[in-house]
Amino acid sequence: MTSPTVTLNTIPNRKWWKEAVVYQIYPRSFKDSNGDGVGDIPGIIQKLDYIKSLGIDVVWLNPIYTSPNDDNGYDISDYRNIMQEMGTMEDFDALLKGLHDRGIKLVMDLVVNHCSDEHEWFQQSKSSRDNIYRDYFHWWPAENGVPPKRWSFFDEDENAWRYDETTDAWYLHYFSRKQPDLKWENEAVRKEVYELIKFWFDKGVDGFRMDVITFISKDTTFPELPPEFNGNFIDYYAQGPQLHAYLQEMNREVLSKYDVMTVGEGAGLHLEEALKLTDEDRHQLNMFFHFDHIDYGKRKTDFMYADNNNRSLVEMKRIFTKWNDIFSQKGWGTVYFGNHDQSRMVSRFGNDDPKYRDFSAKLLYTFLLSMRATTYVYYGDEIGMKNIRFTNIKDYRDIQTINYYHRLEKDGGNTEEFLQSHAEVCRDNGRTPMQWDTTLHAGFTEAEPWIKVNPDYFTVNAEAAEANGNSILHYFRKMVQLRKENLALVYGEYKLLDEENPHIYAFTRHQVFENGAEEKWLILLNFSKELLLFEAHNFVDYTTEELMISNYEVKDYNAKGSFELHPYEARIYKLL
Ligand code: TEU
Ligand code: CA
Numbered sequence: 001m002t003s004p005t006v007t008l009n010t011i012p013n014r015k016w017w018k019e020a021v022v023y024q025i026y027p028r029s030f031k032d033s034n035g036d037g038v039g040d041i042p043g044i045i046q047k048l049d050y051i052k053s054l055g056i057d058v059v060w061l062n063p064i065y066t067s068p069n070d071d072n073g074y075d076i077s078d079y080r081n082i083m084q085e086m087g088t089m090e091d092f093d094a095l096l097k098g099l100h101d102r103g104i105k106l107v108m109d110l111v112v113n114h115c116s117d118e119h120e121w122f123q124q125s126k127s128s129r130d131n132i133y134r135d136y137f138h139w140w141p142a143e144n145g146v147p148p149k150r151w152s153f154f155d156e157d158e159n160a161w162r163y164d165e166t167t168d169a170w171y172l173h174y175f176s177r178k179q180p181d182l183k184w185e186n187e188a189v190r191k192e193v194y195e196l197i198k199f200w201f202d203k204g205v206d207g208f209r210m211d212v213i214t215f216i217s218k219d220t221t222f223p224e225l226p227p228e229f230n231g232n233f234i235d236y237y238a239q240g241p242q243l244h245a246y247l248q249e250m251n252r253e254v255l256s257k258y259d260v261m262t263v264g265e266g267a268g269l270h271l272e273e274a275l276k277l278t279d280e281d282r283h284q285l286n287m288f289f290h291f292d293h294i295d296y297g298k299r300k301t302d303f304m305y306a307d308n309n310n311r312s313l314v315e316m317k318r319i320f321t322k323w324n325d326i327f328s329q330k331g332w333g334t335v336y337f338g339n340h341d342q343s344r345m346v347s348r349f350g351n352d353d354p355k356y357r358d359f360s361a362k363l364l365y366t367f368l369l370s371m372r373a374t375t376y377v378y379y380g381d382e383i384g385m386k387n388i389r390f391t392n393i394k395d396y397r398d399i400q401t402i403n404y405y406h407r408l409e410k411d412g413g414n415t416e417e418f419l420q421s422h423a424e425v426c427r428d429n430g431r432t433p434m435q436w437d438t439t440l441h442a443g444f445t446e447a448e449p450w451i452k453v454n455p456d457y458f459t460v461n462a463e464a465a466e467a468n469g470n471s472i473l474h475y476f477r478k479m480v481q482l483r484k485e486n487l488a489l490v491y492g493e494y495k496l497l498d499e500e501n502p503h504i505y506a507f508t509r510h511q512v513f514e515n516g517a518e519e520k521w522l523i524l525l526n527f528s529k530e531l532l533l534f535e536a537h538n539f540v541d542y543t544t545e546e547l548m549i550s551n552y553e554v555k556d557y558n559a560k561g562s563f564e565l566h567p568y569e570a571r572i573y574k575l576l
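Residue numbers for the sequence shown follow the working numbering, beginning at 1 and rising by one.
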């Protein structure tokens, strides 16, 4: 069906990480190998052939380092060792080798805005004001009065400052009390970070996803928040004064010495800063995740609540187009619909009604794999896993949800309303165990799983998807291959068509090769439940078209520029 038309070297500035399809694995929830209900590294090793079969290039693994697990590994107490629940360093080495043997690269999570309060650095730091590690963290001595307000994402009291009586001082923690922020302004801290990055690169790790990397630089005078950031503290946290300088230093000291990929997490980062951050001439990071499409659909004033009115496709198109255009000359983007902090892709951006689940999931993959950005996909989405939507607080495992609920309870807020709305947007939606087969607990574990398995696993599971030639899984593999064989889908110029169309997302990709050859692709996505007509000739000139992929079985595709699209139908044409 597809023919590789492009030869190497005809596209300038080619990079493996631009062409990569990255598969994210949340290790707690992928596969339990030893019957304790928690996914682990040997479990991932058992599934290496499945991972390989997807056709993906890179695995991104959420944190597996030693951690008391206040925030599922995002609170690290030893950066150079493996969490007991996950396995041993030997297991890790075997995983890395197993991936490399299959031609797959491994990207790890770098969590260095903060560490665990159980890390040796913090234990030392809090022990006395003149300890040599004192300045590894942000301390505010109590004799200076109450520190200026800083909001915490996870704290039960909302306060990002925590008083510690050992030394009569407050320490800063943007996340939980057990996640004190490291003081990047201290050169010694930066050196420590570069050393630990080296440690993993020397082991052969192929890159890092950098957790809230945009928050590392702080104004250590801690002024009252400037008025323009009122109610928008994420924006304030993300535009720190030394951010670019620190990343340039990190690049110079360690990143530039290895052939690795780097992707920053960029909640709150402004557009211009984003471009600066990934502009290759500035030597910082390769790319990063923006949050605009992910936050759209949540309440503006409080992202813990869903806002179901907020779902116009026109706005979504505007967001994706804006984030495409900024990187049209320099830098590089990412595209994703889900991760461990978000709802399931098909529930959030598609339609998980059984009638539309398959079609809409395939449509979303068609989009993800035909955009001009590195594609990130999340485990379980390839078999159509959907939101579990817990409405009982006892089912939740996420510290963010639990602490928010407790605060509401304390303040006499409406906990029922919260649970109803939060069920749609909670992070635990994205953390339920991978559904392998129809055996107990979906084949994830033999024990009681650490978090409930979605009861729909009797029909939604990898074994069934494998057996059904028409499944999302098979479509995903086909779509990955189409992208791999056609570099125009990676590098070609993106142009949005018919931007005000409320139901159809249509765009072209256009690649001119060095030898003068040209390719134009047309991507048509019907995001609605209606049968709709799209008059392509009104928006793009061409003589004839060749269908490259579709999620429907429609016989007569020769529609002469006027396409009838079924509910959630996706098609890709090559135009001639
Ligand atoms: O997330 C950072 C972040 O911005 C989140 O607070 C996000 O806004 C929220 O989860 C959306 O619901 C990163 C990690 O991805 C997350 O898992 C960690 O809990 C957090 O950092 C702290 O390390
Ligand atoms: Ca286990």
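C-beta atoms are modelled at their ideal positions from N, C-alpha and C, and glycine is treated no differently.
In whole angstroms, what is the alpha-carbon distance linking residue i and residue j?
i      : j      : result
Leu106 : Met89  : 15 Å
Asn588 : Tyr573 : The displayed coordinates of the chain run from 1 to 576. Any statement about residue 588 would go beyond what the structure contains.
Glu273 : Asp353 : 39 Å
Phe57  : Lys410 : The sequence given here places Asp at residue 57; Phe does not occur at that position. Cα to Cα, the separation comes out at about 47 Å.
Ala238 : Lys218 : 9 Å
Trp521 : Thr366 : 13 Å
Glu228 : His270 : 13 Å
Gly39  : Ala267 : 28 Å
Leu255 : Ile104 : 20 Å
Ser67  : Trp161 : 22 Å
Ala188 : Asp71  : 26 Å
Glu546 : Asn13  : 29 Å
Ala467 : Tyr356 : 20 Å
Pro226 : Gly240 : 13 Å
Tyr552 : His441 : 32 Å
Gly297 : Asp235 : 18 Å
In chain order, what residues of the same chain have a beta carbon less than 8 Å from the beta carbon of residue i, not counting five sequence neighbours either side?
i      : result
Phe327 : Leu275, Thr278, Gly333, Arg372, Ala373
His406 : Glu156
Arg282 : His244, Gln248, Lys276
In this structure, how does DSSP classify residue i when only helix, strand and coil are distinguished?
i      : result
Asp78  : strand
Lys218 : coil
Leu48  : helix
Ser528 : coil
Pro141 : strand
Gln511 : strand
His566 : coil
Asn324 : helix
Phe534 : strand
Does the beta-carbon distance from residue i to residue j come in below 8 Å?
i      : j      : result
Ser116 : Ser152 : no
Phe534 : Ala570 : no
Asn429 : Ser343 : yes
Ile216 : Trp184 : yes
Ile393 : Leu419 : yes
Val193 : Val260 : no
Ile41  : Asp109 : no
Leu65  : Tyr79  : Here residue 65 is Tyr; the residue named in the question, Leu, does not match the sequence. Yes; because the gap between Cβ atoms is below 8 Å, this pair is in contact.
His290 : Asn62  : no
Lys317 : Leu565 : no
Asn387 : Glu424 : yes
Asp164 : His114 : no
Arg427 : Asp456 : no
Asp168 : Tyr74  : no
Leu368 : Val346 : no
Leu95  : Ile25  : no
Gly492 : Glu519 : yes
Applying the criterion that 16 or more other CB atoms from any shown protein chain within 10 Å of the CB defines a buried residue, is residue i buried or exposed?
i      : result
Glu85  : buried
Pro502 : exposed
Ala361 : buried
Val314 : exposed
Less than 6 Å between C-beta atoms, sequence neighbours within five positions excluded: which residues of the same chain meet that for residue i?
i      : result
Val377 : Tyr23
Pro567 : Lys529
Asp292 : Ile319
Glu280 : none
Leaving aside the five residues before and after residue i along the sequence, list all residues of the same chain whose C-beta is less than 7 Å from its C-beta, in chain order.
i      : result
Thr543 : Leu576
Phe349 : Phe337, Leu364
Lys18  : Trp332, Thr374, Val490
Gln46  : Lys31, Ser33
Ile383 : Gln435, Val460, Asn461, Ala462, Ala465, Ile472, Leu473
His422 : Met304, Tyr305, Thr401
Met83  : Ile64, Tyr65, Thr66, Ser67, Gly73
If you measure from the beta carbon of residue i to each beta carbon in chain C, is any gap under 8 Å?
i      : result
Val377 : No chain C is part of this structure, which consists of one protein chain only.
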